[in-house]
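Engineer:
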Amino acid sequence: MARSPTAQRTFRLAPETLDRLDERARDLGESRNGLAQRLLDEGLRLEQHPLIYFREGAAGLRRPALVGTRLYVWQVVDTLRASDGVQDAASYLALTEAQVRAAAGYYADFVDEVEADAAAEREFAERDRARAERAQQVLG
Numbered sequence: 089m090a091r092s093p094t095a096q097r098t099f100r101l102a103p104e105t106l107d108r109l110d111e112r113a114r115d116l117g118e119s120r121n122g123l124a125q126r127l128l129d130e131g132l133r134l135e136q137h138p139l140i141y142f143r144e145g146a147a148g149l150r151r152p153a154l155v156g157t158r159l160y161v162w163q164v165v166d167t168l169r170a171s172d173g174v175q176d177a178a179s180y181l182a183l184t185e186a187q188v189r190a191a192a193g194y195y196a197d198f199v200d201e202v203e204a205d206a207a208a209e210r211e212f213a214e215r216d217r218a219r220a221e222r223a224q225q226v227l228g
């Protein structure tokens with residue numbers, strides 16, 4: 089998720105909620121404000137896009153994925169682009185058309201972010217492939 093300038097707001101939260109926030113921030117090594125920002129942002133996105141969730145990828149970044157699968161939104165969108173439509177993409181990925189449409193809907197709302205996720209994941213995969221090739225050369 090792209091970082092935007094922040095604005096200060098005051099919220100009244102239950103002490104138990106603040107305790108859980110502090111504990112989770114410590115567990116993750118994140119600041120309380122950073123974690124609260126991420127959780128609020130992800131929560132609002134999840135309400136708008138209930139078939140999407142966030143998970144960490146190979147590059148260690150949280151990315152939007154399709155509920156019930158391990159597919160990232162960018163992967164579904166890439167497949168949709170290479171297909172003859174929603175039905176074709178759904179069949180290829182063994183998904184319902186509603187799942188493909190959910191990924192496309194999230195993409196439509198967060199195009200730049202999803203494109204950046206795809207680019208970062210491809211770059212990570214390319215570095216990993218090059219590393220494996222170098223290791224194979226050493227092994228003979």
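Just add 88 to wherever you are in the sequence shown, counting from 1, and you've got the numbering used here. Just so it is clear, CB atoms sit at the ideal spot from N, CA and C, and this is done for glycine as well. What you are looking at is a predicted structure, and each value in this text was computed from that prediction instead of being measured.
1. D176 to F212, Cα distance in whole Å?
2. Among F198, D110, L101, which residue has its Cα nearest to the Cα of R133?
3. Please go through the segment 167-201 and give each complete beta strand (DSSP E) segment of 3 or more residues, from N-terminal end onward.
4. Quick check on this structure: which residue in W162, R143, A153, Q96 has the alpha carbon closest to the alpha carbon of A124?
5. So the candidates are R120, T98, F99; which of them puts its Cα closest to the Cα of D107?
6. Please list the terminal residues of the continuous beta strand (DSSP E) segment that includes L149.
7. Looking at the unbroken beta strand (DSSP E) that takes in R143, where does it start and where does it end?
8. Kindly confirm or deny that the segment 212-221 and the segment 160-174 touch, where touching means at least three C-beta pairs closer than 8 Å.
9. For L127, which of D115, H137, R114, F142 has the nearest alpha-carbon?
Structural biologist: Checking against the coordinates, here is how it stands:
1. 28 Å
2. F198
3. none
4. Q96
5. R120
6. Element bounds for L149: n/a, residue is neither H nor E.
7. 140-144
8. no
9. F142
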